[in-house]
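There are 2 protein chains.
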Amino acid sequence: MRIGAIEAGGTKFICGIGNEQGVIQDRVSFPTERPERTLANVIAYFKDKQVEAIGIGSFGPLNIDPESPYYGYITSTPKPGWGNYPLLNTLKNEFDVPYGWDTDVNAAAYGEAIWGAARGLDSCVYYTVGTGIGVGVYSEGKLIHGLVHPEGGHVLTRRHPQDEFAGHCPYHRDCLEGMAAGPAIEARWGRKGSELPADHPAWEIEAFYIGQAVSSVILMLSPKKVILGGGVMHQEQLFPLIRKEVLHNLNGYVQSDQLLAQIDAYIVPPGLGDNAGLAGALALGLKAVEQA
Amino acid sequence: MRIGAIEAGGTKFICGIGNEQGVIQDRVSFPTERPERTLANVIAYFKDKQVEAIGIGSFGPLNIDPESPYYGYITSTPKPGWGNYPLLNTLKNEFDVPYGWDTDVNAAAYGEAIWGAARGLDSCVYYTVGTGIGVGVYSEGKLIHGLVHPEGGHVLTRRHPQDEFAGHCPYHRDCLEGMAAGPAIEARWGRKGSELPADHPAWEIEAFYIGQAVSSVILMLSPKKVILGGGVMHQEQLFPLIRKEVLHNLNGYVQSDQLLAQIDAYIVPPGLGDNAGLAGALALGLKAVEQA
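Just so you know, the sequences run in chain order A and B.
Mapping of the first sequence onto my numbering: position 44 corresponds to residue 44, and the numbering continues sequentially without gaps.
Basically my numbering = 1-based index in the second sequence + 292.
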């Protein structure tokens with residue numbers, strides 16, 4: 001099979017072709033400019049590729065309610081030109097194939113459940129920690145949508161006792177994203193996270209916030225795997241710090257060996273690495289073929 | 293049809309008989325004593341009732357993993373005699389019928405989705421705020437189980453700026469349950485909540501904590517209805533305070549009319565009132581018949 005995949009990000013669009021084994025055979029990347037221009041690039045890429053379906057994991061917020069007249073739109077983003085933009089319909093007008101359509105993080109969660117770190121499990125939660133913080137939820141074998149879709153990057157958190165940073169979220173100031181996304185790290189320390197040494201106190205504070213969110217999601221949803229991806233999570237020293245924080249927060253309350261004895265295999269980086277998003281979009285495309 | 297229903301609570305067991313319309317035709321209640329004695333009462337009640345199935349919503353933590361040898365057990369409760377108690381098997385040995393088995397709060401969420409405030413919706417979250425705080429999650433038409441099952445009463449919360457109460461949870465001290473369950477209200481104010489007037493400052497503080505949890509669950513799971521039940525929620529003045537808190541916390545970020553324009557119909561008491569738990573157990577019993 002030849003399935004098209006689009007990871008539609010706020011910074012770049014990644015397009016690719018893959019098959020039913022999750023192998024990505026080709027990929028290209030464009031900067032995210034105004035939508036007309038970006039979509040012209042996407043359409044040109046797929047023009048002669050003869051794909052059987054296209055899966056799209058997109059930055060949001062999105063409309064993913066098939067009953068809505070605005071299904072397939074990017075909705076209230078402040079990104080110039082992209083607010084209320086009919087991304088899905090623009091592609092449908094060009095390529096008459098089945099489409100998969102979900103948030104970038106739901107796509108990544110799904111890809112990880114099919115081919116990655118949560119392979120064979122019927123639930124996982126996928127966090128991306130980068131320019132923003134997003135959460136995808138796969139539970140009882142289904143991606144969670146609901147009223148809108150999960151926006152778990154914006155939950156309120158307790159403040160680290162030594163942290164006086166005001167917070168960086170324009171909506172909630174010191175929510176999770178406002179305290180722990182890449183721009184918050186940079187604003188707090190005056191340098192990008194990628195320039196801070198691995199033993200910098202920044203990472204303990206970062207792990208405090210991410211660990212708090214992960215503890216809450218374990219209590220709220222009881223996922224069988226927690227996957228932490230995105231640029232900030234390239235700082236591998238964060239993983240042991242986050243696991244320690246989670247065990248500290250839960251304090252033995254959730255009686256599961258996977259937490260108490262095997263947490264190194266429970267809170268993990270994406271099995272698909274930086275392909276998680278594109279492979280997830282591919283998986284959405286495959287699901288669309290099956291359901292067509 | 294004649295379906296048996298058991299709401300197995302830490303204080304009392306409610307048993308009843310109902311039909312496929314959700315009508316409860318008979319109900320009795322026993323105090324929760326040692327398990328042998330309590331189950332003897334339950335078994336005596338159902339002895340000549342000739343039920344076609346039995347649904348059980350139980351206090352926990354529980355084992356609800358059908359693959360586990362401990363499926364049907366109450367697991368790590370400190371309640372004397374009930375730790376590692378095979379509740380489901382004890383009944384199976386007496387009555388050879390299909391069984392539904394889930395947490396009390398998942399049962400209530402399910403009952404509300406079938407016959408109550410979330411009727412016709414494919415998702416809702418059910419909170420009980422009483423002696424403890426529990427959360428049931430119904431999402432994409434399924435009850436959420438996962439690694440163990442949701443235990444959302446124990447999420448960490450921000451502290452109300454005027455609240456100096458230390459917290460009442462033996463595991464997490466000042467988690468949601470530690471700050472906002474009935475015993476926390478009583479310990480904070482020296483009187484039971486039911487004895488405090490409706491304009492007492494206790495309720496603003498209570499709404500602060502419950503509202504914070506509800507905001508997080510909306511961001512994390514995007515449920516189509518949030519249902520707040522349990523003894524503490526009999527204080528009806530809490531509902532407008534909680535709705536206000538939720539809107540304040542979300543600050544317009546989640547663009548949904550159901551939140552922004554119709555929150556009075558979005559955060560609601562159980563449609564089934566104090567029958568939510570028993571009707572939920574009945575619904576689990578009906579599902580067991582369908583799946584048998």
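C-beta: ideal position from N, C-alpha, C; glycine also.
Neighbourhood of residue i by C-beta, 8 Å cutoff - its chain only, sequence neighbours within 5 removed
i                       : result
histidine 200 (chain A) : Trp189
valine 268 (chain A)    : Ala117, Lys225, Val226, Ile227, Leu228, Phe239
alanine 584 (chain B)   : Ala345, Pro390
leucine 88 (chain A)    : Ile56, Tyr71, Gly72, Tyr73, Tyr99, Trp101
Residues that residue i contacts on chain B, provided the C-beta gap is smaller than 7 Å
i                       : result
valine 289 (chain A)    : Those within 7 Å of valine 289 (chain A) in chain B number zero; the least Cβ separation is about 21 Å.
glutamine 235 (chain A) : The contacting residues do not exist; glutamine 235 (chain A) stays about 23 Å from chain B at best.
Residue i beta carbon near the ligand MG (any heavy atom closer than 6 Å)
i                        : result
asparagine 106 (chain A) : With respect to the ligand MG, the structure shown offers nothing to examine, as it has no ligands at all.
Limits of the unbroken beta strand (DSSP E) element including residue i
i                       : result
glutamate 36 (chain A)  : It is not in any beta strand (DSSP E) - glutamate 36 (chain A) instead sits in the alpha helix (DSSP H) that spans 35 to 46.
serine 139 (chain A)    : 133 to 139
valine 125 (chain A)    : 124 to 129
glutamine 317 (chain B) : 316 to 323
alanine 354 (chain B)   : Note that residue 354 (chain B) is leucine in the sequence shown, not alanine. Here leucine 354 (chain B) belongs to no beta strand (DSSP E), and DSSP marks it neither H nor E.
glycine 230 (chain A)   : No beta strand (DSSP E) contains glycine 230 (chain A), which DSSP labels as neither H nor E.
alanine 458 (chain B)   : Where alanine 458 (chain B) is concerned, there is no enclosing beta strand (DSSP E), given that its DSSP letter is neither H nor E.
isoleucine 6 (chain A)  : 3 to 8
Per-residue contacts from residue i into chain B (C-beta, under 9 Å)
i                       : result
lysine 142 (chain A)    : Ser431, Glu432, Gly433, Lys434
histidine 168 (chain A) : Residues of chain B passing the Cβ test: none, with the nearest at roughly 14 Å.
serine 123 (chain A)    : Ile436, His437, Gly438, Leu439
Cβ-based neighbour list, residue i, same chain, cut-off 6 Å, excluding 5 preceding and 5 following
i                     : result
alanine 410 (chain B) : Glu404, Cys416, Lys517
glycine 426 (chain B) : Val397, Thr420, Gly445
leucine 156 (chain A) : Cys175
Residue of the options minimising C-alpha distance to residue i
i                          : options                                : result
alanine 181 (chain A)      : A:Gly132, A:Phe13, A:Arg158            : A:Gly132
tyrosine 45 (chain A)      : A:Met220, A:Phe13, A:Ser194            : A:Phe13
proline 489 (chain B)      : B:Tyr545, B:Glu528, B:His460, B:Leu380 : B:Glu528
lysine 536 (chain B)       : B:His526, B:Leu551, B:Gly523, B:Met512 : B:Leu551
aspartate 340 (chain B)    : B:Glu386, B:Ile477, B:Pro442, B:Pro372 : B:Glu386
tryptophan 203 (chain A)   : A:Pro223, A:Gln162, A:Phe59, A:Pro66   : A:Gln162
histidine 149 (chain A)    : B:Val509, B:Asn567, B:Asn333           : B:Val509
alanine 207 (chain A)      : A:Val232, A:Ser194, A:Pro183, A:Leu219 : A:Val232
aspartate 257 (chain A)    : B:Tyr362, B:Glu456, B:Leu533, B:Leu439 : B:Leu439
glutamine 255 (chain A)    : B:Glu312, B:Tyr463, B:Pro358           : B:Tyr463
glycine 271 (chain A)      : A:Glu195, A:Gly22, A:Arg191, A:Phe59   : A:Gly22
glutamate 443 (chain B)    : B:Arg450, B:His452, B:Cys467, B:Arg451 : B:Cys467
phenylalanine 59 (chain A) : A:Glu67, A:Gly10, A:Ile114, A:His168   : A:Gly10
isoleucine 348 (chain B)   : B:Lys384, B:Met471, B:Ile534           : B:Lys384
Contacts that residue i makes with chain A (C-beta to C-beta distance below 9 Å)
i                       : result
histidine 441 (chain B) : Ser222
arginine 450 (chain B)  : Leu156, Thr157, Arg158, Arg159
tyrosine 463 (chain B)  : Leu250, Asn251, Gly252, Tyr253
Cut-off 7 Å between Cβ atoms - residues of its own chain near residue i, not counting five sequence neighbours on either side
i                       : result
tyrosine 110 (chain A)  : Tyr138, Leu143, Gly280, Ala283, Leu284
asparagine 84 (chain A) : Tyr73, Thr75
leucine 331 (chain B)   : Thr382
glycine 432 (chain B)   : Just to set this straight, residue 432 (chain B) is glutamate in the shown sequence, not glycine. The answer, listed in chain order, is Asp414, Ser415.
leucine 278 (chain A)   : Ala5, Glu7, Ile14, Gly16, Ile24, Arg27
glycine 81 (chain A)    : Arg34, Pro35
Cross-chain neighbours of residue i in chain A, by beta carbon under 7 Å
i                       : result
proline 353 (chain B)   : Gln255
threonine 367 (chain B) : Gln255
glutamine 550 (chain B) : Leu147
glycine 444 (chain B)   : Leu219, Met220
Residue interval of the alpha helix (DSSP H) (run including residue i)
i                           : result
tyrosine 70 (chain A)       : Where tyrosine 70 (chain A) is concerned, there is no enclosing alpha helix (DSSP H), given that its DSSP letter is neither H nor E.
arginine 188 (chain A)      : 182 to 189
glycine 193 (chain A)       : Unbroken run through glycine 193 (chain A): none, as it is neither H nor E.
glycine 503 (chain B)       : 493 to 513
lysine 49 (chain A)         : Note, lysine 49 (chain A): premise wrong, no alpha helix (DSSP H); not H, not E.
tyrosine 110 (chain A)      : 104 to 115
phenylalanine 531 (chain B) : 530 to 542
lysine 282 (chain B)        : The structure shown does not extend to residue 282 (chain B), since chain B is modelled only from 293 through 584, so no value can be given for it.
alanine 279 (chain A)       : 276 to 291
leucine 379 (chain B)       : 379 to 384
leucine 551 (chain B)       : 549 to 552
Per-residue contacts from residue i into chain B (C-beta, under 8 Å)
i                       : result
glutamine 262 (chain A) : Correct list: empty, because the minimum Cβ distance to chain B is about 11 Å.
glutamine 212 (chain A) : Leu448
glutamate 10 (chain A)  : The sequence given here places glycine at residue 10 (chain A); glutamate does not occur at that position. Result: empty, since nearest Cβ-Cβ is about 16 Å, beyond 8 Å.
Chain A residues whose Cβ lies nearer than 8 Å to that of residue i
i                    : result
valine 427 (chain B) : Met220
valine 509 (chain B) : Met220
Quiz item: Can at least three beta-carbon pairs, one atom from the region 256 to 268 of chain A and one from the region 83 to 100 of chain A, be found at a separation below 8 Å?
Solution: no
Quiz item: Is the number of C-beta pairs between the region 521 to 541 of chain B and the region 497 to 511 of chain B that are closer than 8 Å three or more?
Solution: Yes: at least three Cβ pairs fall under 8 Å.
Quiz item: Quick one: any contact between the region 45 to 56 of chain A and the region 2 to 11 of chain A, if contact means 3 or more CB pairs under 8 Å?
Solution: yes
Quiz item: Are the region 61 to 75 of chain A and the region 16 to 30 of chain A in contact at 8 Å, needing three or more beta carbon pairs?
Solution: no
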